[in-house]
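Below is one structure; the comments refer to it alone.
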Amino acid sequence: MRIANLKGRLVVVVDDTDGGDAAIDVAEASGGRFAADPQAVFAEWDAFRGWAAGLDAAQGAPFAVEDLGAPVPRPSQVFAIGINYAEHAAEAGYPPESAPVTFTKFASCLAGPVCDVELPSDTVDWEVEAVVAISREAYRVRREDAWDHVAGITLGQDLSERTAQLAGAKPQFSLAKSHANFGPTGPWLVTPDAFDDPADLAISCSLAGETVQSARTSSMIYDIPELVVRLSRVCRLFPGDLVFTGTPPGVGNARTPKRFVRPGEVLVSELEGVGSITQRFVAAGGAP
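Residues in the sequence shown are numbered consecutively from 776, following the numbering used here.
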């Protein structure tokens, strides 16, 4: 199942008769049983899944991807994982056995799948990531139960302003990664059962037409169940929380010479079984 945020309303995305995508408005189709607010559904996730199983695809209506917002718009917590692919650890100068770096992206940086991003400096970098939404409260979860706490997987970019992130004795990971629209996600959230193998998905991104990252999520050092286990040992995870699971190799800051995003460039990110998101970068003040 795919769920999305269409103009601020929760929808289920289905295949239409022409092979495209159509949206079923959940509040309307359920007669108000479930709220229109996309964030509210996670509080009733099991009931919603049961109800949605009986939907008729004929109820769907066409829509524009540009009208989609972040599928999980207001999580109570956003966890972000760094150094979670061995090759990225190597290019960043970390040993491959490093424990995952954990920080946050503030929720105000979240955006939908198609958006403009204003560049606060000339050192903005890309980091394509699979992003997990939590389905039910999780605390001290066992590995064998971890997938039961995952509502779905979406695609995201952990855009990063490297100067502030790495400056000084105490770098500012969270602030440097939380400028407006620095957390685009989407186009929708896909439930784990919709994948042949949710632990092994092709992930990539291209900048100005050049592929800059390409890997598979099975190359993570700490896979999704392990991340749920490790996070829930310390923090109580709540329905609708997000986990950015880390980026593969190929970031601009690790290149020689370094390569950062320029005004006017377009970044396209893709995740197998989920789809793509597109960001266009503009100079400070909004000029291309």
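Built from N, CA and C at the ideal position, the CB exists for glycine as well.
With a 10 Å radius around the Cβ and a threshold of 16 neighbouring Cβ atoms, S1007 comes out buried.
Within the DSSP bridge table, the entry for C980 names Q988 and S1044 as partners. Counting only unbroken stretches of 3 or more residues, the beta strand (DSSP E) elements lying wholly within the stretch 873 to 955 are 876 to 879, 889 to 893, 903 to 909 and 925 to 932, in sequence order. The shortest CA-to-CA distance from I856 to any of A865, P895, R849 and A874 is the one to A874. By a beta-carbon distance limit of 8 Å, G783 does not contact P837. Their separation comes to about 18 Å.
Here the alpha carbon of H954 sits roughly 26 Å from the alpha carbon of I999. Cβ contact annotation for R911 (same chain, cutoff 7 Å, sequence separation greater than five): W820, H924 and P1014, in chain order. Cβ atoms of A797 and G835 come within 8 Å of each other, at about 3 Å. Of the residues P846, S994 and T938, the one whose Cα lies closest to the Cα of V965 is P846. At a Cβ-Cβ threshold of 8 Å, P895 and E936 count as neighbours. With a contact defined as Cβ atoms closer than 8 Å, L885 and T960 qualify at about 6 Å.
P1000: member of the alpha helix (DSSP H) spanning I999 to V1009, first to last residue. When secondary structure is reduced to three states using DSSP, P1038 falls in the coil class, being assigned neither helix nor strand. In summary, A977 is exposed, with fewer than 16 beta-carbon neighbours lying within 10 Å of its beta-carbon over all protein chains present. Here N1028 carries a helix assignment [DSSP, helix/strand/coil]. A distance below 8 Å separates the beta carbons of W901 and L1042. Taken through DSSP and simplified to helix, strand or coil, Q814 comes out as coil. In the DSSP annotation of this structure, the continuous segment of the alpha helix (DSSP H) that includes G825 starts and ends at W820 to A827.
DSSP, reduced to helix, strand and coil, places V840 within a helical segment of the structure shown. Separation of the CB atoms of Q947 and Q940 is rounded to 6 Å, and the pair is thereby assigned contact status at 8 Å. Nearest Cα to A827 within the set I799, P848, L930 and L781: I799. P962 sits in a strand when the DSSP states are folded into three classes. Residue environment for E1045: buried (at least 16 other C-beta atoms within 10 angstroms of its C-beta).
In this structure, F1056 lies near V1036, with their beta-carbon atoms less than 8 Å apart. Per DSSP, A845 is not a residue of any beta strand (DSSP E), being assigned neither H nor E.
Pairing P1024 with Q1054 gives a Cβ-Cβ distance that is not under 8 Å. Rounded to whole angstroms, the Cβ separation of L950 and I1052 is 23 Å, and the two are not in contact under 8 Å.
When beta bridges are read from the DSSP output, L1017 appears opposite V853 and A908. Boundaries for V1049: no alpha helix (DSSP H) harbours it, and the DSSP string shows neither H nor E there. Annotation for A867: the continuous alpha helix (DSSP H) segment containing it runs A861 to A867.
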